[in-house]
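**Q** Have a look at the structure that comes next, please.
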Ligand SMILES: [Zn+2]
Ligand SMILES: [Zn+2]
């Protein structure tokens, strides 16, 4: 294991455990330093004990680097690997085992922290057959959303990666903003060409129910939209769920074949149980997605599986249990 691989794995484990703050930042910073410093300089400093003279390397990150260079797994990483494993209940296990891909995740092209190929390598290691890359659309400037030109560039990059990574497939997509009038933040010709489109509300989350309902219904009946992302927009203990007429929205999803996402981010866990039960009753499709913004977060799907198990979502209504070809067939119809 090289120092860079060790630090990468530490960051991955901290991400999957949703550890943020100072500790995570220190390891991300140290990883950048190691990436940008010649390997022989790192080795020389490790031998002399002068790693911490480098700006961005502290005692604990230096220890990980030194132990990696000595051969074997750094002790801190061994501890983290054990402590940050995600648990999966017996009820949720069949859901996780049935998943063949992940339909909502981000890369450094928008507000993610990992490159497309790092996300793909992790998805492969998790046993996925495919992932849908869904970076943000242009309106979400805070997340460095992609405009038309950048999306076209990204499609080229994905084509190149797919040639290298086969049989794994990166499906093209976007998490497109639902504008306030229910239109979508991307031109129709591009929406048409993407494999999977997730549509989400990211603004005016406190709108009155009639406005929010109309906005969401307009989006989910679009023939381009395949999945409704994190439907209430809630952030647990930080932001209450949006209010809308759930029957109207979920009936429209069921009728127009738009899946309701079960978002696995620990701070979202969206929809809440009551709404998830209503979506099941409406006959909706579902997609259990990580909404990962880092490699470690790709391991969050068990959170969504637990929620699906709790509400007994029929497994055959979960679109990412399909093969990539069947999923593409489903999105086309
Ligand atoms: Zn979102
Ligand atoms: Zn997202």
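In the working numbering, the protein residues as written are 58 to 390. Yeah, the Cβ is synthetic: ideal placement off N, Cα and C, and Gly gets one too. Given the structure is predicted, the values throughout are model-derived calculations rather than measurements.
1) The alpha helix (DSSP H) spanning residue 217 covers which residue range?
2) Exposed or buried, which one is residue 84 when buried takes at least 16 other CB atoms within 10 Å?
3) Looking only at its own chain, which residues have a Cβ that is under 8 Å from the Cβ of residue 61, when we skip the five neighbours before and after it?
4) Counting Cβ pairs, one atom from each stretch, are 3 or more of them under 8 Å apart for the region 221-230 and the region 250-257?
5) Please list the segments of the beta strand (DSSP E) lying wholly inside the region 273-340, counting only runs of 3 or more residues, in order along the chain.
6) For the beta strand (DSSP E) that contains residue 255, what are its first and last residues?
7) Distance check for residue 377 and residue 190, CA to CA, integer angstroms please.
8) What are the start and end residues of the beta strand (DSSP E) that includes residue 226?
9) In the DSSP assignment, what residue or residues form a beta bridge with residue 163?
10) Excluding five sequence neighbours on each side, which residues of the same chain lie with their C-beta closer than 8 Å to the C-beta of residue 181?
11) Taking the alpha carbon of residue 187 as the point to measure from, which residue in 159, 164, 284, 104 has its own alpha carbon closest?
12) Is residue 350 near ligand 1, judged by its Cβ being under 7 Å from some heavy atom?
13) Using DSSP's beta-bridge definition, name the partner residues of residue 189.
**A** Based on what the coordinates show:
1) Unbroken alpha helix (DSSP H) run through residue 217: 205-222.
2) Flag for residue 84 reads buried.
3) Around residue 61, the same chain offers 88, 91, 92 as residues with beta carbons nearer than 8 Å, after the five sequence neighbours per side are excluded.
4) The answer is yes - the region 250-257 touches the region 221-230, with three or more Cβ pairs under 8 Å.
5) Counting whole runs of 3 or more residues, the region 273-340 contains the beta strand (DSSP E) stretches 316-320.
6) From DSSP, the beta strand (DSSP E) with residue 255 extends over 253-257.
7) Cα-Cα distance, rounded: 14 Å.
8) Looking at the DSSP string, the run of the beta strand (DSSP E) that includes residue 226 is 226-234.
9) Answer is none; residue 163 lacks a bridge partner.
10) These residues qualify, in order along the chain: 222, 225.
11) Checked all of 159, 164, 284, 104; the closest Cα to residue 187 is 159.
12) The answer is no for residue 350.
13) Paired residues: 228.
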